Amino acid sequence: MSAPATPPPALQELKDNLRAAPRRIFETAFRSGKPTTDRTRSTFIFSNVFLHLHSVRVHRWTLRWSTSMGLGIATTAAFLLTLITGILLMFYYKPYPEAAYQSIKDIHFVVPTGRFIRNIHRWAANVMVVTVILHMARTFYTASYRRPREFNWLIGMGLLAVTLGLSFTGYLLPWDQLAYWAITIGANIAQSPREVTDAVGITGWFDPGGMQKFLLLGSDSVGPEALIRFYLLHVMILPLALMALMSVHFWRIRKDGGLARPADADQRLGNPPGPVYPVFTEAPMKTYSLAAIVRGRTPAVGKGPENTVPSMPHLFYAELGVFMLTTLVCLALALISDAPLKELANPSVPENPAKAPWYFLGLQELVSFSAFVGGIGIPLLVLAGLGLIPYLDREETGTGEWFGGPGGRYVVRQALLVGFGASLAIEAFAIRFGWIREWYLAVPQLVVTILNPGTILAAVYGLYSVWLVKRYRSTRAGALGLFTCFLCGFLVLTAIGTYFRGPNWVFYWSPGDWPRH
Amino acid sequence: MTVMPGTPQSRLDPEPMPRRDLLGLASLWSAASALLFALLGAMRLPNAAIVAAPSKSFGVTLPESLPAGEAFVPPNRAVAIFRDSEGVYAVSTICTHLGCVVKPNAEGFECPCHGSRFKPDGAVAKGPAPLPLQWLKVKATNGGFQVDEGKTVPAGTRVKA
Chain P
61 MSAPATPPPA LQELKDNLRA APRRIFETAF RSGKPTTDRT RSTFIFSNVF LHLHSVRVHR
121 WTLRWSTSMG LGIATTAAFL LTLITGILLM FYYKPYPEAA YQSIKDIHFV VPTGRFIRNI
181 HRWAANVMVV TVILHMARTF YTASYRRPRE FNWLIGMGLL AVTLGLSFTG YLLPWDQLAY
241 WAITIGANIA QSPREVTDAV GITGWFDPGG MQKFLLLGSD SVGPEALIRF YLLHVMILPL
301 ALMALMSVHF WRIRKDGGLA RPADADQRLG NPPGPVYPVF TEAPMKTYSL AAIVRGRTPA
361 VGKGPENTVP SMPHLFYAEL GVFMLTTLVC LALALISDAP LKELANPSVP ENPAKAPWYF
421 LGLQELVSFS AFVGGIGIPL LVLAGLGLIP YLDREETGTG EWFGGPGGRY VVRQALLVGF
481 GASLAIEAFA IRFGWIREWY LAVPQLVVTI LNPGTILAAV YGLYSVWLVK RYRSTRAGAL
541 GLFTCFLCGF LVLTAIGTYF RGPNWVFYWS PGDWPRH
Chain Z
21 MTVMPGTPQS RLDPEPMPRR DLLGLASLWS AASALLFALL GAMRLPNAAI VAAPSKSFGV
81 TLPESLPAGE AFVPPNRAVA IFRDSEGVYA VSTICTHLGC VVKPNAEGFE CPCHGSRFKP
141 DGAVAKGPAP LPLQWLKVKA TNGGFQVDEG KTVPAGTRVK A
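As they're listed, the protein sequences go chains P and Z. 61 is the number of the first residue of the first sequence in my numbering; add one for each residue after it. 21 is the number of the first residue of the second sequence in my numbering; add one for each residue after it.
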């Protein structure tokens, strides 16, 4: 028998623990150890709060470029860029009318890298608006909004609204001419329900428009109160709302069974290249009840090897690629083109023409027919229509396929013609012949509010899609037509507002024809 | 709650609610409604309590040479002042459509934002504006006029010098 080992002195133990501390910190942070096998990678994903928004394995269909085109990730990447650059800009920005303008000038001309950071912020915000619209179009055209993803589509609507809200509140902050007149117009759009209450004669005791404007401006006129309110919305309220909605949006993708794919995706993909491993090579460390992890119509038990690959690394590499590409695009744009800064706000002289950023010029074109219809009526109608789509289209053919569903590509092609044709025709008519007020001066405002190019265009699109529903006996066909039409209308109105409207919102073929003065 | 003897009970029938559950639910609902009221109270805060309301009245002297029907726009004011044979009147140049400042021209006013046009008396001539431009209160003072941007008067109200 050997002598009993003497316990090491406390000092020795402390020394050992100290030496082991870095290793232990790492081990406690990443409890599953280094992700070297499929199993440890799986554990790594679901024991990490950020990564666990992903499922552990991802279907091969999801990784095809044509499934999602990475548009959602690109939007996220653009948002993260605006978040980082936005926080940096806040070091210098002062939310008080003239100081705001001077601080933006400081950022632009004095602060090292200030101009570059501001350009990235501006371009990433623009990229975000583009990708969020494209992402919605992708989801729509692949019929991915259908059961069980209806609610995630609604969350997406919310994200679209918040994104546009962030853009709007953002370009007000420099307090230049664009900012001042955008606040003025925006606040008066909020007040535009008065167009209807005035016409009916009830503004005296029921004035939702006036209440909205007052809440937005915090005063009767545009001033410091309004700027601080927009600042608060831009840097706190809307980003928090966006992040909350984004987490739900991502988490639900996983809970709804990943990205939508056609029912016969497995057959179409064929056998996976290389050897197929079962999902778990060893007994799983955690067990779930089947009901908790298997989402779908049929149990996935006993179906043989799934057509899935581990999210780590396959999905992560794809996401990283899109992240890098988006960053590259934003940085390149920021180097090529500067964010605009006009003259200091002048409350007595608006710019002529006073144009909003491109993504609101379609609305500005509509607003130039009727403030209420263009600024509130049609946007609300479009949002409500979009939100209802998954609850009206309960069909199943074509889910997960581009332009899937009855009619498919044919309907989309026809709707492109109708959408472009109708919007161009009604614009051409209104530009050439004017509108009711020019023919009969005394016409009541309510008539103009109800009958104007905007409402007529919406009605034409609506009737066309109802016809499609009847023709194909399918709500999906009608939805395909309506969505395509509104996209065309948006493009046409935006293009006209951007390129063909000059001083006093008069139509000109080119800015070269604008009158000089 | 007592079950009548002889009544057939299915396991799908809802269980009668015990008194304790009722009390629990009642307290839950009162807590929820108290929170809701607190939230409504908190929402009162953003409804601006302090509103600066400076006087929008200003004095102006019209140039002697101002021709009838031509607008005189005082610097940094959204007002156009006219003088004709019947007297002096002031028209607000804030567009009734979306609040841009309209510019006087030979035929009346034009708006740079969305293309509204107005006649010299402020009536709508074209475009999206739903209402005529407002006429503002003018008071004759010693050698000049006092215009109040905060007070409107019926169209056609003129003041003799």
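Ideal placement from N, C-alpha and C gives every residue a C-beta, glycine not left out. Treat the numbers as computed from the prediction; the structure is a model and nothing was measured.
Between the segment 409 to 425 of chain P and the segment 147 to 164 of chain P there are fewer than three C-beta pairs closer than 8 angstroms, too few to call the two in contact.
If you draw a straight line from the Cα of V409 of chain P to the Cα of V282 of chain P, it comes to about 14 angstroms. Assigned with DSSP and collapsed to three states, S77 of chain Z falls in strand.
Of the candidates P:Y521, P:Y451, P:L511, the residue whose Cα lies closest to the Cα of L476 of chain P is P:Y521.
Only those residues of the segment 145 to 167 of chain Z whose C-beta falls short of 9 angstroms from the nearest C-beta of chain P are listed: A145, K146, G147, P148, A149, P150, L151. Distances from the CA of L388 of chain P to each of P:L113, P:N108, P:A137 were compared; the closest alpha carbon is that of P:A137.
Below the 7 angstroms Cβ cutoff, chain P contributes no neighbours of A58 of chain Z, its closest Cβ being approximately 19 angstroms away.
From the listed residues P:G458, P:V189, P:L141, the smallest Cα separation to A323 of chain P is found for P:G458. Partner residues in the beta bridge of Y109 of chain Z, as assigned by DSSP, are Z:F102. Closer than 7 angstroms to the CB of W565 of chain P there is at least one CB belonging to chain Z. For D573 of chain P, the number of other beta carbons within 10 angstroms of its own is below 16, and it is reported as exposed.
Remark: fewer than three beta-carbon pairs, one from each stretch, lie closer than 8 angstroms, so the segment 106 to 118 of chain Z and the segment 538 to 545 of chain P are not flagged as touching. Contact annotation: in the segment 95 to 126 of chain Z, residues whose CB is within less than 7 angstroms of a CB in chain P are N96, R97, A98, H117, L118, G119, C120, V121. Contact annotation for T244 of chain P against chain Z: L118, G119, C120 [CB-CB distance below 8 angstroms, chain order].
Its chain contains V222 as the residues whose beta carbon lies nearer than 7 angstroms to that of A301 of chain P, once the 5 sequence neighbours on both sides are disregarded; these appear in chain order. In this model, W241 of chain P and P417 of chain P are separated by some 12 angstroms (Cα to Cα). Per DSSP, the beta-bridge partners of R137 of chain Z are Z:E130, Z:K146. Under the Cβ distance rule, G128 of chain Z does not count among the residues neighbouring chain P, no pair being separated by less than 7 angstroms. Taking a cut-off of 8 angstroms for Cβ pairs, the segment 161 to 170 of chain Z and the segment 78 to 93 of chain Z touch, as three or more such pairs fall below it.
Ranked by Cα distance from E498 of chain P, the options Z:S136, Z:V121, Z:R31, Z:T177 are led by Z:S136.
As a beta-bridge residue in DSSP terms, T368 of chain P pairs with P:H119. G557 of chain P and P571 of chain P do not touch by the CB rule: their CB atoms are close to 13 angstroms apart, not below 8 angstroms.
In terms of CA proximity to S115 of chain P, P:R312 leads the group P:I144, P:R312, P:L298. Nearest CB-CB separation between E461 of chain P and chain Z: not below the 7 angstroms threshold. Taken through DSSP and simplified to helix, strand or coil, N331 of chain P comes out as coil. Of the residues assessed, E73 of chain P falls on the exposed side of the cut-off, its CB having fewer than 16 other CB atoms within 10 angstroms. Contact of S397 of chain P with chain Z is not assigned, every C-beta pair being separated by 7 angstroms or more. Here L140 of chain P is not near I215 of chain P, since their CB atoms are 7 angstroms or more apart. For K530 of chain P, the enclosing alpha helix (DSSP H) has its first and last residue at 513 to 532.
In its own chain, leaving out the 5 sequence neighbours on each side, no residue places its CB closer than 6 angstroms to the CB of A197 of chain P. For A91 of chain Z, no CB of chain P lies under 7 angstroms from its own CB, so it is not counted at the interface with that chain.
Taking 7 angstroms as the cut-off, the beta carbon of G170 of chain Z is found closer than this to the beta carbon of K76 of chain Z.
Between E498 of chain P and chain Z, the shortest Cβ-Cβ separation is below 7 angstroms. Here the alpha carbons of A51 of chain Z and K159 of chain Z stand approximately 59 angstroms from one another. Contact note: G135 of chain Z reaches chain P through S428, N564, W565, V566, using a C-beta cutoff of 8 angstroms and chain order. Contact between M150 of chain P and V295 of chain P holds: their C-beta atoms lie close to 6 angstroms from each other, under 8 angstroms.
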